[in-house]
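Numbering (our numbering), first residue to last: 692 to 980.
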């Protein structure tokens, strides 16, 4: 039934996150172990964001009904309807590859930056321009495929009802164990675009994305192998590691950034004190159209 057997890892994350939410809801954060479990919960929200992304590109199941159930499940865990990846990601980001027509290109918002402030603000800036895209796309879908339109509206309805019920039961627990982790995952979902593309060259056919190696890939479904993913958007995430060496040799060496956390530490923190660690734009000879 699974499209690829490696998606047992996706199912594991999809099952662990709600179980942790339920356990922490019942027991709270009074013990050290529970606080560590809460950190694990926050990590799993990153995994759910990547699963959300992967499921949009290539469904987890070969069965249509199982995929629809997974859509609703991801919607509930992510805190946002799963359909949004098509208009924002596939029809926009993968179409324009961080180029001048990409609605959420990182160099759109004031300047071509790559720093801590830009990383923190990018999700808010991206949401500001992407939500009108969602609404326009929904209106277009309503006129073309009414049944699909109402299926997407049901995702909003299910999520809204779940929030209302849980908030009514215990508002503080809802904020701590449901909404906060979801917002953390959504921030990562949008901020990843900044990590992968800030200071890359949106006008280039190959140097438009940054790649990360190390533990981020086995833990988060090869999310760091971004050039390869753009070149093979329909390839299953488990196949990207074998395709990556080919593109690693082609991109500007500065876009092969090594381990993710080390990159973030030197680019967003060390660079404040050591200019040598400041990111350099690859778009310095181009202007945003």
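We treat Cβ as the ideally placed atom computed from N, Cα and C, and that holds for glycine. All figures in this text were calculated on a predicted structure; none of them were measured in a lab.
Hey, residue i and residue j: beta-carbon distance below 8 Å or not?
i           : j           : result
residue 939 : residue 947 : yes
residue 824 : residue 840 : no
residue 697 : residue 929 : yes
residue 797 : residue 858 : no
residue 868 : residue 707 : no
residue 754 : residue 692 : yes
residue 742 : residue 705 : yes
residue 818 : residue 881 : yes
residue 899 : residue 951 : no
residue 784 : residue 793 : yes
residue 911 : residue 738 : yes
residue 843 : residue 774 : yes
residue 766 : residue 752 : no
residue 973 : residue 943 : yes
residue 694 : residue 750 : yes
residue 814 : residue 878 : yes
residue 905 : residue 949 : yes
residue 894 : residue 790 : yes
residue 954 : residue 806 : no
residue 897 : residue 941 : yes
residue 968 : residue 864 : no
At which residues does the beta strand (DSSP E) containing residue i begin and terminate?
i           : result
residue 902 : 902-904
residue 948 : 947-950
Check for me: the alpha helix (DSSP H) holding residue i runs from which residue to which?
i           : result
residue 841 : 837-860
Can you say whether residue i is buried or exposed, counting buried as having 16 or more other CB atoms within 10 angstroms of its CB?
i           : result
residue 838 : exposed
residue 736 : buried
residue 936 : exposed
residue 901 : buried
residue 714 : exposed
residue 768 : buried
residue 979 : Since pLDDT at residue 979 reaches only 40, below the 50 mark, its modelled position is unreliable, and the value read off the structure follows with that caveat. It is exposed - the Cβ of residue 979 has fewer than 16 other Cβ atoms within 10 Å.
residue 887 : buried
residue 699 : exposed
residue 729 : buried
residue 722 : exposed
residue 811 : exposed
residue 918 : buried
residue 701 : buried
residue 731 : exposed
residue 931 : buried
residue 966 : exposed
residue 933 : exposed
residue 883 : buried
residue 885 : buried
residue 872 : buried
residue 756 : exposed
residue 920 : buried
residue 861 : exposed
Does residue i get closer than 8 Å to chain C when you measure Cβ to Cβ?
i           : result
residue 905 : In summary, chain C is missing from the structure at hand, where a single protein chain is found.
Can you name the residues that DSSP bridges to residue i?
i           : result
residue 693 : 752
Quick one: is the Cβ of residue i within less than 7 Å of any heavy atom of the ligand ADP?
i           : result
residue 778 : For the ligand ADP, the structure offers nothing, since it holds no ligand at all.
Any alpha helix (DSSP H) of 4 or more consecutive residues that is wholly inside the segment 711-797: 723-748, 755-769
Restricting to runs no shorter than 4 residues, where is the alpha helix (DSSP H) found entirely within the segment 877-956? 907-910, 917-922, 931-939
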